[in-house]
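Undergrad: For the sequence shown, the residue numbers in the working numbering are 51 to 295.
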Amino acid sequence: MNRTSNALSRRDGTDTLIQLEHISKTYQSDHAVPHQALQDISLEIGRGEFVGIVGNSGSGKSTLMRILSCEERPTAGVYRFEGISLQDSTPQALSRLRRRKIAVIPQQYRLLRRCSAWENVAAPLNSGSFSPSDRRRRALRALRQVGLRDCADRLPGELSGGQQQRVAIARAMVCHPAMILADEPTGALDIESREAIFQLFQQIHAAGATVLLITHDLSLAARTQRLVRIHRGHICEDRCLDNIA
51 MNRTSNALSR
61 RDGTDTLIQL
71 EHISKTYQSD
81 HAVPHQALQD
91 ISLEIGRGEF
101 VGIVGNSGSG
111 KSTLMRILSC
121 EERPTAGVYR
131 FEGISLQDST
141 PQALSRLRRR
151 KIAVIPQQYR
161 LLRRCSAWEN
171 VAAPLNSGSF
181 SPSDRRRRAL
191 RALRQVGLRD
201 CADRLPGELS
211 GGQQQRVAIA
221 RAMVCHPAMI
231 LADEPTGALD
241 IESREAIFQL
251 FQQIHAAGAT
261 VLLITHDLSL
271 AARTQRLVRI
281 HRGHICEDRC
291 LDNIA
């Protein structure tokens, strides 16, 4: 096992954003032996880090992502976000945390097919808190950041795969979350689009966001600041890389 200090956050002067302490996740079934997807995972990530989380299919990285995004609870262990334990949080509290602090960029984009690009981006903005004009203004600003301002009124079906992924990224950015989780964000893209999307994540990180890139592509993860490798539910490697922040 190759482990270096998890405390990149302490070395570069930033504070800790998430802490996982002895996290395990077991899926029960009435007709099969219980499956332990994660086993005794301990992980600390500092605010402002750019982390690549890699693993083969079935390694447990997707389960880890769902726990980090508060979509699932661990079977055992403690998850702290910004120093606060989420162990006893209600579903309503976890939902609020997801809306305000955590953004997930799913592999399949999950765009609303009958809504324009800007309407998709504005979807996380609570209509009770933002006026229609403010929602559109914020969405257009996010689309401009990903280079799609001119495509604001197009439907997803009128956009390429790379453009749809950019819309999904803009949607994640519009609420200025503390952490962005990207699930295989370049898996379905060609080489040129994949590189453009990765550069966009580099820009998002440079602007101060904490970015976790969940991927099976080791070459992509190796270009982040820190590499965490998952194998059969365990962290088998955790090391800082020499890439410039």
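Beta carbons: idealized from backbone N, C-alpha and C, even for Gly.
(1) Which residue marks the beginning of the alpha helix (DSSP H) containing R146, and which one marks its end?
(2) Are the region 177–193 and the region 122–132 in contact at 8 angstroms, needing three or more beta carbon pairs?
(3) Label H81 either buried or exposed according to how many other C-beta atoms from any shown protein chain fall within 10 Å of its C-beta, with 16 as the threshold for buried.
(4) Could you check whether S119 and L270 sit closer than 9 angstroms to each other, using their CB atoms as the reference points?
(5) Whose CA, out of A238, Q137, V128, lies closest to the CA of I91?
(6) Following the continuous alpha helix (DSSP H) through E245, name the residue where it begins and the one where it ends.
(7) Just confirm the distance between the C-beta atoms of I103 and V224, as a whole number of angstroms; I'd bet it's less than 8 angstroms.
(8) Under the three-state reduction of DSSP, which class applies to E169: helix, strand or coil?
(9) According to DSSP, is V196 part of a helix, a strand, or is it coil?
(10) May I ask you to list the residues that DSSP assigns as paired with R315?
(11) Would you list the residues sitting across from F180 in a DSSP beta bridge?
(12) What does DSSP give as the partner residue(s) for T66 in the beta ladder?
(13) Any chance you could list the beta strand (DSSP E) runs of at least 3 consecutive residues sitting entirely within the region 94–130, in chain order?
(14) Could you tell me whether the region 147–159 touches the region 210–229, where touching means 3 or more Cβ pairs closer than 8 angstroms?
(15) Under a Cβ-count criterion, where at least 16 other Cβ atoms within 10 Å of its own Cβ denotes burial, should E208 be classed as buried or exposed?
(16) Kindly indicate which three-state DSSP category Q86 falls into: helix, strand or coil?
(17) Taking only the alpha-carbon atoms, compute the straight-line gap between L136 and R116 and give it to the nearest angstrom.
(18) Going along the chain, which residues of its own chain have a beta-carbon closer than 6 angstroms to the beta-carbon of E234, five neighbours each way excluded?
(19) Cα-Cα, which of A202, L291, D184 is closest to L268?
TA: Put simply:
(1) Position 96 of the sequence shown holds residue 146. Element bounds for R146: 141–151.
(2) no
(3) Taking the sequence shown and counting its residues from 1, the one referred to as residue 81 is at position 31. That one is exposed.
(4) Within the sequence shown, the letter at position 220 stands for residue 270. Within the sequence shown, the letter at position 69 stands for residue 119. No. Outside cutoff.
(5) The residue you call residue 91 lines up with position 41 of the sequence shown. Selected option, being the one with the closest Cα: V128.
(6) Position 195 of the sequence shown, counted from the start, is the residue given in the question as residue 245. 241–256 is the span of the alpha helix (DSSP H), which, as asked, contains E245.
(7) To locate residue 103, count along the sequence shown from 1; it is residue 53. To locate residue 224, count along the sequence shown from 1; it is residue 174. Actually they are not in contact, since the Cβ atoms of I103 and V224 sit about 24 angstroms apart, beyond 8 angstroms.
(8) By 1-based counting over the sequence shown, the position of residue 169 is 119. Looking at E169 - three-state DSSP - the assignment turns out to be helix.
(9) Position 146 of the sequence shown, counting from 1, holds the residue named residue 196. If DSSP states are grouped into helix, strand and coil, V196 belongs with coil.
(10) The structure shown does not extend to residue 315, since the chain is modelled only from 51 through 295, so no value can be given for it.
(11) Counting from one through the sequence shown, the residue named residue 180 turns up at place 130. According to DSSP, which records beta bridges pairwise, F180 is partnered with nothing at all.
(12) Numbered from 1 along the sequence shown, position 16 holds the residue referred to as residue 66. In the DSSP output, where bridge partners are listed per residue, T66 has G96.
(13) 100–104
(14) yes
(15) What you label residue 208 is simply residue 158 of the sequence shown in a count that begins at 1. Its Cβ having fewer than 16 others within 10 Å, E208 is exposed.
(16) If you number the sequence shown from 1, residue 86 lands on position 36. Note: Q86 maps to strand in three-state DSSP.
(17) Numbered from 1 along the sequence shown, position 86 holds the residue referred to as residue 136. Numbered from 1 along the sequence shown, position 66 holds the residue referred to as residue 116. If I take the Cα positions, the gap works out to 14 angstroms.
(18) Counting from one through the sequence shown, the residue named residue 234 turns up at place 184. Closer than 6 angstroms at the Cβ level, and outside the excluded window around E234, lie Q157, T265.
(19) On the sequence shown, position 218 is the one that residue 268 refers to. If we check each option's Cα against that of L268, L291 comes out closest.
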